[in-house]
């Protein structure tokens, strides 16, 4: 049998498995449930929980989910669900037949919590800002399931242990009956309790059940975590399919512990302390017609001295990109962000060493001072984009990369580009000037391949571009006839994202995948991965500061949607 304790690299995988198990349960439900009360359920989760995942059991939502994707992707999904339902904790708690064991009593949602394992022989609650220990790498699982039918839930609890190799035991903790089946060496344990006829709690250890009940009786809970209620309200959505919470100090502690275990090198206390200034992150998932929408929020600890700086992007550069742009990322303030990183490195030796090493490598390869010659003039908006082209050197690849930077210091930018031109000449590339669509550009070429790189100025001469794959310059200089901002696909993906924001991410996966699969330079993708990717049309995302302590984000997946009803398994 697998252990109930999981290492950090698979924590998120286990989380996904927990969601999938919840999915499996939900697909088996036949009737509409009443409204959930996850805010109350959160009062049973200890405050040091690493992660929680809440899943709706509304069958209408799962029927809608079952309309998405290609037939192959839906088949992969169902196959994975079948395997994931054979979960160790579900098996130990005799809940493997979800229709028989769960459907009669389950409420409108399922909450799964992952908590750090307490030290052996100790009931002490781990402190998330303590230095990492070996035990920090492990977690255990608790299920908090709202109950619709208390009588049926009680009967299910009484069946726990019937026919098991070891006899069930019963005890009392905080006034609640706890029923347990302790597995033999290497086998899973199930500890369960019915709380006020409202919640059935299943955990992987007696100590964890005690923690949950102690929390319900007044010890610090997730619901009372500083900033939790306010932050979750920021991403509140009607009838979400799923909700997730990450305890960032504990996550960073576990990452540091595993990094130390693997490398033998301790993580800088300064770096860990700064990372742990982040209190938490929340995510909600909602289904929309032919789309999934994720809303996220991350917030700082109340005692954090860090303040976030808002940098809104006007996204003016979007009009400079063609309608068939495959991918883009926009934003603003590269110079300011770098300067903040340099400032933070003064109290973080590891970060300072990393930045100094990076500067040194840039200098040795390009003879450029990274602070002055590169980011020193990047004080405006920027856009990184992938644009399709089959011309010249791009005939096999099918696309080229275009970078655009707005600047208030053209003189410094020209000086940096001049240094790069001289470097290209030393590398035996032919540097010259060319006219593309009446736009003067500088190109780097090689006789066997033609033009490789091009750079020049756009618009009112405050925007410099650098193209890797010179043929794509035709699409952006001086300005595209059909800009991305007029494209219906881009508009449908990004129009509902919050504004103002710090920039956009956009990926036309449908077009990009067609290009990739047609390119001889692309390795063959596994059939299951290809089936899932073919189910996604586009991805759009943006982020913005709600205040100096809170960051909100939103991501939209537009999906291939099938018509007609799909049967439940």
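In this note's numbering, the protein residues as written are 376 to 944.
Note that beta-carbon positions come from the ideal geometry of N, C-alpha and C, so glycine has one too.
- For the pair residue 743 and residue 761, the CB atoms are not nearer than the 8 Å cut-off.
- Taking 8 Å as the cut-off, the Cβ atoms of residue 733 and residue 753 do not count as close.
- Secondary structure in the segment 782 to 820: the beta strand (DSSP E) runs of 3 residues or longer, each lying completely within the stretch, are 805 to 811 in chain order.
- Spatial neighbours of residue 883 in its own chain (CB-CB distance under 6 Å, excluding positions within 5 residues in sequence) are listed in chain order as 701, 913.
- In this structure, residue 812 lies near residue 852, with their beta-carbon atoms less than 8 Å apart.
- With respect to the 8 Å criterion, residue 926 and residue 918 are classified as neighbours on the basis of their beta carbons.
- Sequence-distant partners of residue 755 (beyond 5 residues in either direction) whose C-beta falls short of 6 Å from its own C-beta, in its chain, are 781, 782.
- The residue from 616, 548, 595, 466 with its alpha-carbon nearest to that of residue 436 is 616.
- Residue 424 sits in coil when the DSSP states are folded into three classes, being neither helix nor strand.
- Taken through DSSP and simplified to helix, strand or coil, residue 905 comes out as helix.
- Within the same chain, and ignoring the five residues on either side of residue 646 in sequence, the residues whose Cβ sits closer than 7 Å to its Cβ are 723, 725, 726.
- Here residue 914 is bridged, per DSSP, to 882, 932.
- Distance from the CA atom of residue 847 to the CA atom of residue 739, rounded to whole angstroms, is 30 Å.
- In this structure, residue 422 sits away from residue 583, with a CB-CB distance that is not shorter than 8 Å.
- The DSSP-derived three-state label of residue 682 is coil.
- Check the Cα spacing between residue 574 and each of 564, 772, 580, 552: the tightest is with 552.
- In the three-state reduction of the DSSP assignment, residue 604 falls in the helix class, which pools H, G and I.
- In terms of Cβ geometry, residue 931 and residue 911 do not form a close pair [threshold 8 Å].
- Here the C-alpha atom of residue 473 lies approximately 36 Å from the C-alpha atom of residue 885.
- If you draw a 10 Å sphere on the C-beta of residue 892, you find fewer than 16 other C-beta atoms in it, and that means exposed.
- Within the same chain, Cβ atoms closer than 6 Å to the Cβ of residue 696 are found at 760, 859, the five residues on either side in sequence being excluded.
- When secondary structure is reduced to three states using DSSP, residue 455 falls in the helix class.
- Per DSSP, reduced to three states, the secondary structure at residue 436 is helical.
- Listed as beta-bridge partners of residue 585 by DSSP are no residues whatsoever.
- By a beta-carbon distance limit of 8 Å, residue 490 does not contact residue 532. Their separation comes to about 21 Å.
- Per DSSP, residue 672 is one residue of the beta strand (DSSP E) stretching across 666 to 675.
- Beta bridge pairing from DSSP links residue 762 with 775.
- The C-alpha of residue 903 is placed about 40 Å away from the C-alpha of residue 569.
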